[in-house]
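A.B. asks: In our numbering, the protein residues as written are 44 to 373. For every residue, glycine included, the Cβ atom is placed at its ideal position computed from N, Cα and C. Before anything else, here's the structure in question.
Given below as structure tokens:
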């Protein structure tokens, strides 16, 4: 038969009180140490994430800046303006010379997928990929912006079948005459895989399990260093007008609408990517497993894309949790 505390002998009660009194300082000390240690580890992790995010954002901006400059130079190369103003028959005769120049130009950077020229109607008049020559791609939004007079960097998209149907990023620049009229559009296209590899190089650099994600201004994932299957899926629901816009330009080929309607939800990331919010103290919870990650965000300076850099909270706090276990077991 078990005795209640009030029925214990006085000696037992005294021993129990002494034991409890000695345990209280240990419990309090452990709690304070855990809270203090957790705060310090979080702060340290966020500082490391911020440093890695700054480095990666700089690399991604440099990627864009390099291709942006290449496209701008192409638009001012000798012979380009003259080629754009030639009659159709004369242009066909000049194509081999221009395309030879384009081939050498693209070979200078192995990350280049394509170098080409559009006429004002959106038809390719010269290209390093013969299959697209003579075809019209006026439905591409980057062409529409460039022919309107604005140098443009596209979102990540899947190229047309005749250009390999691969992930790409297009850089388009209007070629203008002395009066500022647009004669044609120069185009340099980068391989999207090269951009993805740049993002993937940062995987784990802020500690075990750390990773990075890049979103465009619409909240669509365009790079993920560890979960490639989530790329091209938005982190929140897109409105019908946005989905229709991308479907019309066949951004991801025939699967555009299907991909954009299949949301992989991350509400915090979505709101920051769409709103352009930059923070060094983001906590994100994965809906599928409830795991918490600590993160920072950076907005690229060359394009309106947002970089997220994350580390699992469990990994960050593991040293503190180990210390608590060792303290309690003493």
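Looking only at its chain, what residues have a beta carbon closer than 6 Å to the beta carbon of residue 266, apart from the 5 residues adjacent to it on each side?
C.D. replies: Excluding residues within five positions, the ones whose Cβ falls inside 6 Å are 239, 242, 257.
A.B. asks: For residue 281 and residue 307, what's the separation of their Cα atoms in angstroms?
C.D. replies: Going by the C-alpha atoms only, they are around 12 Å apart.
A.B. asks: Quick check: what's the CA-CA separation for residue 268 versus residue 86?
C.D. replies: Their backbone Cα atoms lie some 23 Å apart in a straight line.
A.B. asks: Let me know the secondary structure DSSP gives residue 217 once reduced to three states.
C.D. replies: DSSP places residue 217 in strand when its eight states are reduced to three.
A.B. asks: What is the residue span of the alpha helix (DSSP H) that residue 345 lies within?
C.D. replies: Unbroken run through residue 345: none, as it is neither H nor E.
A.B. asks: Pick helix, strand or coil for residue 341, following the three-state DSSP scheme.
C.D. replies: Residue state, collapsed to three classes: strand.
A.B. asks: Determine the burial state of residue 356: buried for a count of at least 16 other Cβ atoms within 10 Å of its Cβ, exposed for fewer.
C.D. replies: The residue in question, residue 356, is buried, as its Cβ has 16 or more Cβ neighbours within 10 Å.
A.B. asks: Looking only at C-alpha atoms, which of 95, 305, 318 sits nearest to residue 349?
C.D. replies: That would be 318, whose Cα lies nearest to the Cα of residue 349.
A.B. asks: Kindly list the residues whose CB is nearer than 6 Å to the CB of residue 313, restricted to its own chain and excluding five residues on each side of it in sequence; keep chain order.
C.D. replies: So the list reads 262, 278, 279, once near-sequence residues are dropped.
A.B. asks: Quick check on the burial criterion: 16 or more other C-beta atoms within 10 angstroms. Buried or exposed for residue 230?
C.D. replies: With 16 or more other Cβ atoms within 10 Å, it is buried.
A.B. asks: Reducing DSSP to helix, strand and coil, say where residue 269 ends up.
C.D. replies: If DSSP states are grouped into helix, strand and coil, residue 269 belongs with coil.
A.B. asks: Please identify the residue among 245, 196, 156, 249 whose C-alpha is closest to the C-alpha of residue 206.
C.D. replies: Here the closest residue by C-alpha is 156.
A.B. asks: Could you have a look at residue 276 and say whether DSSP puts it in helix, strand or coil?
C.D. replies: It is coil, neither helix nor strand.
A.B. asks: Helix, strand or coil: how does DSSP classify residue 190 here?
C.D. replies: Helix at residue 190.
A.B. asks: Out of 204, 195, 124, 200, which one is the CA nearest neighbour of residue 174?
C.D. replies: Residue 174 has its Cα closest to that of 204, out of 204, 195, 124, 200.
A.B. asks: Using 10 angstroms around the beta-carbon of residue 384, count the other beta-carbons present and answer buried if the total reaches 16, otherwise exposed.
C.D. replies: The requested residue 384 is not part of the displayed model; the chain covers only 44 to 373.
A.B. asks: With DSSP collapsed to three states, give me the class of residue 354.
C.D. replies: DSSP places residue 354 in strand when its eight states are reduced to three.
A.B. asks: Sort out for me which residues DSSP pairs residue 161 with in a bridge.
C.D. replies: Answer by DSSP bridge pairing, in chain order: 167, 228.
A.B. asks: Determine which residues share a DSSP beta bridge with residue 196 and list them.
C.D. replies: According to DSSP, which records beta bridges pairwise, residue 196 is partnered with 214.
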